[in-house]
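Everything on this sheet refers to the single structure shown next.
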Amino acid sequence: MSEIDIVRRSFLNVSVENARAGEIFYQRLFDDKPELRGLFVGDISVQSEKLTNMLGMIVSQIHNLPDLLPMLGDLARRHLVYGVKIEHYEDVGRALLHMIRDVLGSDFTPEMEAAWTKAYDGIALTMIQSSFGKSNISKYRAASNS
Numbered sequence: 121m122s123e124i125d126i127v128r129r130s131f132l133n134v135s136v137e138n139a140r141a142g143e144i145f146y147q148r149l150f151d152d153k154p155e156l157r158g159l160f161v162g163d164i165s166v167q168s169e170k171l172t173n174m175l176g177m178i179v180s181q182i183h184n185l186p187d188l189l190p191m192l193g194d195l196a197r198r199h200l201v202y203g204v205k206i207e208h209y210e211d212v213g214r215a216l217l218h219m220i221r222d223v224l225g226s227d228f229t230p231e232m233e234a235a236w237t238k239a240y241d242g243i244a245l246t247m248i249q250s251s252f253g254k255s256n257i258s259k260y261r262a263a264s265n266s
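In this text, residue positions in the sequence shown follow the numbering used here: the first is 121, and each later residue adds one.
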């Protein structure tokens, strides 16, 4: 099975628990980085739903880069306005993997972790390039290797 298939199939199982998944994600993100809570105004359950819906859209197009890249670019530029910094992408990646691992439990495999890590890295790099420019990709690489 390809990495794309692994991501798509595992997300189907995560999406069954969309509300719980979003809550797990934000709980982990704010536990790790409480200062990020200030970037989110309003009810976090609404934000949780937006997160899982957007993740579903990304996963549904992960095999179709020509359609996915403009969507990620737009998403990145919107997040820049909200105050997202390059180093936040690493925090989000950790919270995302934690969420998937928690929701899937014993069904979460090392192959899934590798596939999701690679997929998220590609997404993060695309978004960073769109909002901060290609020259800043090395800052993400340095953060994710530390």
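Yeah, the Cβ is synthetic: ideal placement off N, Cα and C, and Gly gets one too.
When C-alpha distances from Gly225 are compared across Ser255, Ala141 and Ser122, the shortest belongs to Ala141. The criterion of a C-beta distance shorter than 7 Å is satisfied by Ile206 and Ile248.
Looking from the CA of Val212, the closest CA among Ile243, Thr229, Asp194 and Leu188 belongs to Ile243. Tyr209 and Val166 have their C-alpha atoms some 21 Å from each other. Ranked by Cα distance from Val223, the options Ser130, Gly203, Met177 and Leu200 are led by Ser130. Just measuring C-alpha positions, the residue of Ile124, Arg198, Lys170 and Val179 sitting nearest Ser250 is Arg198.
Of the residues Pro190, Arg157 and Ala234, the one whose Cα lies closest to the Cα of Tyr202 is Arg157. In the DSSP assignment, Ile206 falls within the alpha helix (DSSP H) that extends over Ile206 to Leu224. By the Cβ-count criterion, Ser168 is buried, with 16 or more other Cβ atoms from all chains shown falling within 10 Å of its own Cβ.
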